[in-house]
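Residue numbers (my numbering): 3 to 641. Glycine included, each C-beta is placed from N, C-alpha and C at the ideal position. Fair warning: this is a prediction, and the values are worked out from it, not measured in the lab.
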């Protein structure tokens, strides 16, 4: 057992003593109870911090820590409820009367304040509910982190309980008998007032934090895409990405995504498991008229519903067919699209033939089935499914907002070191969360900031502030946001400065030119390029000296500089860019390994940089083109 777990176990062992000692009338016993409680409250914070900072989090710790917290809370509520019963006189004239009667409520200038039974019931009920709620969320794949109001609730609870336990001790000392002393009366009133205010704040935050938890974690969904073509990789699953983005924009979180083949038992198993975890499932695919379209009967079986033919839908399908193919017979198999699970609601399909299905049980669990054709799916999601989701999700006004800061020329580990471990500060806000994701790729490292379960305006503000903070820390490597293409940034900088651009490529074989010409309107800046793959072309088209190639090799600083200078002069550009390298998989040597690339820029000054790029042939070429664009961007920014 590690140190944090040992400390937690100590709190568990202390709980019975904290509960029992206040019932012993002696000041010594009650002082020990007070000290034990303070130590337990402090170590509750310390052991968690110790486990996180030293990476000592274990499954045992996850079990013991919430158990210790609840035992400690329940242990304090027992003596507080019994001993803090108010005196029959609402304004106790002397503390001695209260103490002699065996009652120790908080004494305040406004009267004696005890601990009502409903507060005890509220606090205990909330803790038990959150335990069950967290376990249910964990089964759905959702981790419920502590939020700000819950942390403040705990802090005020500690002050409230600490004040009560100190009062138990102080009220039984000899000094307490001298109620006529102004100092003693002032102390009693001060302690009682602080404890009472902390109790009121704790009760308010108990209710408020519970409401926020319910609001924050109520709307979670599962998404299942169906089709053998998706599993086998013949079709890219664009539906899942579109649905997740659409739901996120509406403040709805997809916590589980699954793909299954066209087999009824596997469809049923996937949907059944998703229903147990979330109670809300969207499926795409398997609603067509062929033998492999098994979604409806498989899901109907889960709900214990039979399939029935809807003649109105069948008639509409036949009319649609005859309108499109007037000289063709309506296939009998198409009537299967009109078979609907008993008790289901039909989702109108204005973009295709197969109707969607909304099936719900008496527990409030539901499945929305929509076709898998992307165009049809997008239309039905917006028109039929999303409005219903907003209703069943309780009309949540929350949103999930993401923005991305795009960087290049720096590794993921290096940028993480620059930013530090907690660059965004407190990740959990009062009602939602703010997170940072590092997304490395061939083009660089994207930094994506996401705000979840927040009002749209609040989410946008927090995300924008976070993006600007990140930009200030890594500004040298930032070239844009969201879907910005580095080639577009370079072209815009050239355009604003009135500069023309030309490129000379060897190992990239025209990839740099393609990146540039993919941007609409590039012709007003980009003059053209030369693909000088063979050394003869380098000499003839770019005036690279033969002796330089022979002496230094085609992949060298000298040749890269001459290529950049040659293409600038030949095409009459203001900026010439060149790339020469070894993309592999063959051609490398110990002196010049695969991945060695030289990139040069010839403008108001001439520079070349050496790169050792990793990856296969395609990745090396893509990284080289990106690096060339970044060199030009920096030259334009610094020039």
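Are there 16 or more other CB atoms within 10 angstroms of the CB of residue 239, so buried, or fewer, so exposed?
-> For the purposes of this step, residue 239 is taken as the residue at position 237 of the chain shown. Looking at its Cβ environment, which holds 16 or more other Cβ atoms inside 10 Å, residue 239 is buried.
Can you name the start and end residues of the alpha helix (DSSP H) that residue 19 belongs to?
-> Reading the chain shown from its first residue, position 17 is the one you call residue 19. Looking at the DSSP string, the run of the alpha helix (DSSP H) that includes residue 19 is 5-22.
Helix, strand or coil at residue 2 according to DSSP, with G and I counted as helix = Residue 2 is absent from the structure shown; the chain starts at 3 and stops at 641.
Is DSSP giving residue 536 helix, strand or coil here?
-> On the chain shown, residue 536 is found 534 positions in, with the first residue counted as 1. In the three-state reduction of the DSSP assignment, residue 536 falls in the coil class.
Could you give the C-beta distance for residue 577 and residue 503, rounded to a whole number, given that I count them as a contact under 8 Å?
-> Within the chain shown, numbered from 1, the residue matching residue 577 stands at position 575. Within the chain shown, numbered from 1, the residue matching residue 503 stands at position 501. Between residue 503 and residue 577 the Cβ distance is about 5 Å, and since that is below 8 Å, they are a contact.
Quickly, what does DSSP pair residue 108 with across the bridge? List them, please.
-> On the chain shown, position 106 is the one that residue 108 refers to. The secondary-structure analysis by DSSP pairs residue 108 across a beta bridge with 115.
If you draw a straight line from the C-alpha of residue 357 to the C-alpha of residue 348, how long is it?
-> Walking along the chain shown from the start, residue 357 turns up at place 355. Walking along the chain shown from the start, residue 348 turns up at place 346. Their backbone Cα atoms lie some 7 Å apart in a straight line.
What's the gap between the Cα of residue 32 and the Cα of residue 26?
-> On the chain shown, position 30 is the one that residue 32 refers to. On the chain shown, position 24 is the one that residue 26 refers to. Rounded to whole angstroms, residue 32 to residue 26 spans 7 Å at the Cα level.
Length of the line joining the Cα atoms of residue 568 and residue 575 | Against the chain shown, residue 568 aligns to sequence position 566. Against the chain shown, residue 575 aligns to sequence position 573. The alpha-carbon of residue 568 is positioned some 10 Å away from that of residue 575.
In or out: residue 167 buried (at least 16 other Cβ within 10 Å) or exposed?
-> To locate residue 167, count along the chain shown from 1; it is residue 165. Classification of residue 167: buried, given that the 10 Å Cβ count is 16 or more.
Could you pull out every residue in the same chain whose Cβ sits closer than 7 Å to the Cβ of residue 538, ignoring the five residues on either side in sequence?
-> Here the question's residue 538 lines up with position 536 in the chain shown. Counting only Cβ-Cβ distances below 7 Å, and skipping sequence neighbours, we find nothing.
Take the Cβ of residue 3 as the centre, count every other Cβ of all protein chains shown within 10 Å, and call the residue buried at 16 or more, exposed below.
-> Locating residue 3 in the chain shown gives position 1, where the first residue counts as 1. Residue 3 counts as exposed, since fewer than 16 other C-beta atoms from the protein chains shown sit within 10 angstroms of its C-beta.
Which whole-angstrom value is the C-beta distance of residue 594 and residue 584, which I expect to be below 8 Å?
-> The residue given as residue 594 occupies position 592 in the chain shown. The residue given as residue 584 occupies position 582 in the chain shown. Contact holds; Cβ gap of about 6 Å.
Could you pull the start and end residues of the alpha helix (DSSP H) that residue 237 belongs to?
-> For the purposes of this step, residue 237 is identified with residue 235 of the chain shown, where counting begins at 1. Under the DSSP assignment, residue 237 falls outside any alpha helix (DSSP H); it carries neither an H nor an E label.
Determine, using beta carbons only, whether residue 108 and residue 194 come nearer to each other than 7 Å.
-> Translated into positions along the chain shown, residue 108 becomes position 106. Translated into positions along the chain shown, residue 194 becomes position 192. Using a Cβ distance threshold of 7 Å, residue 108 and residue 194 count as a contacting pair.
With burial defined as no fewer than 16 other Cβ atoms inside 10 Å of the residue's Cβ, what is the status of residue 211: buried or exposed?
-> Residue mapping note: residue 211 aligns to position 209 of the chain shown, counting from 1. If you draw a 10 Å sphere on the C-beta of residue 211, you find 16 or more other C-beta atoms in it, and that means buried.
Beta-carbon separation of residue 10 and residue 70 under 7 Å?
-> Position 8 of the chain shown, counted from the first residue, corresponds to residue 10. Position 68 of the chain shown, counted from the first residue, corresponds to residue 70. Yes, Cβ-Cβ distance for residue 10 and residue 70 is below 7 Å.
With 16 other CB atoms within 10 Å as the buried threshold, where does residue 564 fall?
-> As a first step, residue 564 is located in the chain shown; it is residue number 562 there, counting from the start. Buried, by the Cβ-count rule.
Residue nearest to residue 403 in terms of C-alpha spacing, selected from 379, 422 and 438 = Start at 1 with the first residue of the chain shown, and residue 403 comes out as number 401. The option with the nearest alpha carbon to residue 403 is 438.
With DSSP as the reference, label residue 86 as helix, strand or coil.
-> By one-based count along the chain shown, residue 86 stands at place 84. In the three-state DSSP reduction, residue 86 falls in the coil class, being neither helix nor strand.
Do three or more CB pairs link the stretch 407-416 to the stretch 481-490 at distances below 8 Å?
-> By the Cβ test, the stretch 407-416 is in contact with the stretch 481-490, since at least three Cβ pairs between them sit closer than 8 Å.
Find the nearest neighbour of residue 204 within the set 229, 75, 637 and 262, judged by alpha-carbon distance.
-> The residue given as residue 204 occupies position 202 in the chain shown. If you compare the alpha carbons of 229, 75, 637 and 262 with that of residue 204, the shortest gap goes to 75.
Is residue 340 closer than 7 Å to residue 311 when the C-beta atoms are compared?
-> As a first step, residue 311 must be located in the chain shown, where it is residue number 309. As a first step, residue 340 must be located in the chain shown, where it is residue number 338. For residue 311 and residue 340, yes; Cβs fall inside 7 Å.
Is it right to say residue 228 is buried, meaning 16 or more other beta carbons lie within 10 angstroms of its own, or is it exposed?
-> Here residue 228 refers to the residue found at position 226 when the chain shown is read from its first residue. Counting of Cβ neighbours within 10 angstroms places residue 228 among the buried residues, the total reaching 16 or more.
What is the rounded straight-line gap between the Cα of residue 515 and the Cα of residue 505?
-> As a first step, residue 515 is located in the chain shown; it is residue number 513 there, counting from the start. As a first step, residue 505 is located in the chain shown; it is residue number 503 there, counting from the start. Residue 515 and residue 505: Cα-Cα distance of roughly 7 Å.
Endpoints, the beta strand (DSSP E) within which residue 602 is located | The sequence position of residue 602 within the chain shown is 600, counting from 1. Here the beta strand (DSSP E) through residue 602 covers 598-604.
Proximity of residue 417 and residue 476 at Cβ, strictly below 7 Å = Against the chain shown, residue 417 aligns to sequence position 415. Against the chain shown, residue 476 aligns to sequence position 474. Yes, the Cβ-Cβ distance between residue 417 and residue 476 is below 7 Å.
Please report how far the alpha carbon of residue 68 lies from the alpha carbon of residue 132, in whole angstroms.
-> On the chain shown, residue 68 is found 66 positions in, with the first residue counted as 1. On the chain shown, residue 132 is found 130 positions in, with the first residue counted as 1. Looking at the backbone, the Cα of residue 68 and that of residue 132 are separated by about 11 Å.
Who pairs with residue 368 in a beta bridge, going by DSSP?
-> Sequence index remark: in the chain shown, residue 368 carries index 366 (1-based). Looking at the DSSP assignment, residue 368 forms a beta bridge with 282 and 362.
N- and C-terminal bounds of the beta strand (DSSP E) containing residue 149 | Position 147 of the chain shown holds residue 149. Run containing residue 149: none; DSSP gives neither H nor E here.
Given that a residue counts as buried once 16 or more other Cβ atoms are within 10 Å of its Cβ, and exposed if not, what is residue 365?
-> Residue mapping note: residue 365 aligns to position 363 of the chain shown, counting from 1. Per the 10 Å Cβ criterion, exposed.
Nearest to residue 524 (by Cα), restricted to the options 498, 511 and 544 = In the chain shown, counting from the first residue as 1, residue 524 sits at position 522. Nearest C-alpha to residue 524: 498.
With C-beta atoms as the reference, is residue 286 less than 7 Å away from residue 241?
-> Against the chain shown, residue 286 aligns to sequence position 284. Against the chain shown, residue 241 aligns to sequence position 239. Against a cut-off of 7 Å, the Cβ pair of residue 241 and residue 286 comes out as a contact.
For residue 156, count neighbouring C-beta atoms within 10 Å of its own C-beta (all shown protein chains included) and say buried if the count is 16 or more, exposed if not.
-> The residue given as residue 156 occupies position 154 in the chain shown. By the 10 Å Cβ count, residue 156 comes out buried.
For the putative contact between residue 223 and residue 283, defined by C-beta atoms under 8 Å, what is the C-beta separation to the nearest angstrom?
-> Here residue 223 corresponds to residue number 221 of the chain shown, with the count starting at 1. Here residue 283 corresponds to residue number 281 of the chain shown, with the count starting at 1. Going by Cβ atoms, the distance from residue 223 to residue 283 rounds to 7 Å, so yes, they are a contact pair.
Output the boundary residues of the alpha helix (DSSP H) element that contains residue 549.
-> Looking up residue 549 in the chain shown gives position 547. Annotation for residue 549: the continuous alpha helix (DSSP H) segment containing it runs 548-554.
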